[in-house]
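Under my numbering, think of the first position of the sequence shown as 127, with each following residue one higher.
No residue lacks a Cβ here, since even glycine has one placed at the ideal position from N, Cα and C.
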Amino acid sequence: VSRNGKKIKLNNFKLVLLRSLIGFLSIASYFYALTQMKMADAVILNKTSPFFVMIFAALFLNEKIKKTQLFSLSFAVIGALFVIKPSFGSEMIPALIALSAGILSGISYTLLRHLRKSESSETIVLAFCTFSTLATLPFLFTGKFVVPDLQEVLALFALGIFAVLAQFFLTKAYRFSKAGDVSIYAYSNIVFSVIIGIIIFSEIPDYFSVFGGAAIILAGFINFYASRLRKAAKVSTASEREKTSKRRATKAS
């Protein structure tokens with residue numbers, strides 16, 4: 127495969143394959159959860175992924191967790207618990223699967239952070255799409271496949287296009303930023319999912335889910351703005367050092 131006359135090269139086959147597998151399992155878990163619980167609840171739990179990125183990036187990429195990140199992580203955990211509503215019944219299983227989608231997604235994005243050193247965005251997306259296609263082929267022969275009508279074909283086609291575009295832009299974003307910073311912009315999904323759930327599916331989230339979703343969004347904003355303040359402080363410190371060194375050089379001359 128080539129792009130602009132240049133071949134798309136695969137440098138780290140094992141890690142790209144692992145990332146594709148984990149990404150596929152994450153999406154499969156997420157899709158299952160969407161069919162078994164309210165859409166807004168599934169989206170909220172899936173949006174815990176940035177906090178798992180934070181944890182896995184610290185464990186495997188040596189990115190330090192700041193105090194503000196721990197604070198935001200605690201908010202995210204509280205929010206997830208309110209959405210899951212822990213119980214010992216079978217109704218809790220879809221919520222746990224939705225949460226596992228967030229965990230797997232966190233691992234996937236952490237791998238993206240590592241793979242950006244050796245692989246292009248196009249390589250990672252192409253590998254993921256190829257793996258997902260091959261992994262879903264066996265389900266055609268389970269006897270449960272139903273031939274879709276024209277409307278369903280168009281809907282599936284649109285879904286595929288938007289999913290590929292989302293993967294591409296998300297991969298680009300994680301390639302050019304720290305693993306925990308990009309995610310703040312994805313929290314708009316929660317708001318849109320609530321609106322779509324109410325308008326199209328008549329799914330009204332309960333107070334626990336609203337509180338949990340708000341806590342997770344707040345945690346994301348805390349993490350994002352704390353990161354920006356740290357970057358601004360570093361720039362200011364570097365600027366002061368440069369000014370000091372210039373003054374010393376002027377005095378010496």
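For L252, the closest of R373, G149 and S314 by C-alpha to C-alpha distance is G149. Straight across, the Cα-Cα distance linking N188 with V272 is about 47 Å.
Taken through DSSP and simplified to helix, strand or coil, N172 comes out as helix.
Across the structure, L143 and F254 are spaced so that their CA atoms are roughly 8 Å apart. In the displayed model, N137 falls within coil according to three-state DSSP, outside both helix and strand. Per DSSP, the continuous alpha helix (DSSP H) segment holding G228 begins and ends at I219 to L241.
Within the same chain, N137 and N138 come within 7 Å of S244 by CB-CB distance, once the 5 residues on both sides are set aside. For L199, the CB contacts under 6 Å within the same chain, skipping 5 residues up- and downstream, are F177 in chain order.
The C-alpha of S213 is placed about 43 Å away from the C-alpha of E248. Annotation: E329 is outside any alpha helix (DSSP H) and is labelled neither H nor E by DSSP.
In this structure, I342 lies near A206, with their beta-carbon atoms less than 8 Å apart.
Counting the other Cβ atoms within 10 Å of the Cβ of V209 gives 16 or more, which makes it buried. Cβ neighbours of S175 within its own chain (closer than 6 Å, five residues either side excluded): G228, S231 and G232. Rounded to whole angstroms, the gap between the alpha carbons of P331 and I316 is 12 Å. The beta carbon of Y156 lies closer than 6 Å to those of N172 and A227 in the same chain, with the five residues before and after it left out. Non-local C-beta neighbours of D167 in its own chain, meaning closer than 6 Å and more than five positions away in sequence, comprise V209 and S335, ordered along the chain. Assignment of D275 by DSSP, reduced to helix, strand and coil, places it in the coil class. Cα atoms of V320 and I170: separation of roughly 10 Å, rounded to the nearest angstrom.
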